[in-house]
Each structure stands twice: as C-alpha cells, then as structure tokens.
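To start, the structure under review is shown below, and the notes come after it.
In the working numbering, the protein residues as written are 1458 to 1595.
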C-alpha cells in the first residue's frame, strides 16, 4: 500500500525489494501487548536493552542484527548521486535514519516516527537534515 501511494508522487523509479523487517521469532503474529501479557519476562528483558535484545526462536533478531542487514543498503544509498525513495519497516527506518543523522547506537530503537509520513533526508555540508512530510497535506 505504501509503495502504491508513493508512486503517485514519482514517475521514474526502480523497485528494489529487501527484507527490512525486524523478525521476532517465536513471537511472530503477536502484538506488543500480547507479548507483554503472555511473556512478561521476555518483555522486561527487551525493555532493559532494546538494542541488543534478540527475540527467542528461529529467526529472532535484535536491532544489532537489523543494522548488519541494512548495511549494504546504506552503502548503496551513499553511492547515489540523485534522489532515492526508500520504503521500509520501522526497524530499518530507525537504522537508516540513525546512520545519516548521527544518532547514537543505544538510541536507535527509541527514535519515534509518525505513521503514514514521508521522511526526507537531505545531505548538507554539516550532515543531514530530516524533514517530515504528511502526504495528505501535499
């Protein structure tokens, strides 16, 4: 749905599907509230260290794992000389945003983003700036 909405704003694009979601292993399909109620010890462990906490079970990941997975995408973004649109899940957005904005590692899982909002990162001589754009207002 998000990709379809963005194609209304741009006409020349390349679609590159990459897995950018944080995989939550055994908790796949559960909401945060369900995890809190059904697995309170795991929920507490995650809240103590959201950066390094790895979800239990096959495929369970931490933010540190997601950072490693999005590194090739970040390298590719660094090489670009024209505008790029990236559509991704929240965990990957936090990692990409943190890299370009210089956010400290420990703060990555805590960065807040509004739903249904486009974030434009613009490079400049002293780093990037970030502008939030509400597509409904455009």
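In this text, a Cβ means the ideal position worked out from N, Cα and C, and glycines have one as well.
All values derive from a computational prediction rather than experimental measurement.
Could you name the residues of the same chain whose beta carbon sits closer than 8 Å to that of residue 1593, not counting the 5 residues immediately before and after it, in chain order? 1573
In angstroms with no decimal places, state the Cα-to-Cα distance between residue 1486 and residue 1582. 43 Å
Determine the burial state of residue 1479: buried for a count of at least 16 other Cβ atoms within 10 Å of its Cβ, exposed for fewer. buried
What residues in its chain sit with their C-beta under 8 Å from that of residue 1507, if we drop five residues either side in the sequence? 1520, 1566, 1567
Are three or more beta carbon pairs between the region 1548-1568 and the region 1489-1496 nearer than 8 Å? no
The beta strand (DSSP E) spanning residue 1562 covers which residue range? Neither: residue 1562 is in no beta strand (DSSP E) and is coded neither H nor E.
Using alpha carbons as the reference points, say which of 1551, 1569, 1544 lies closest to residue 1575. 1544
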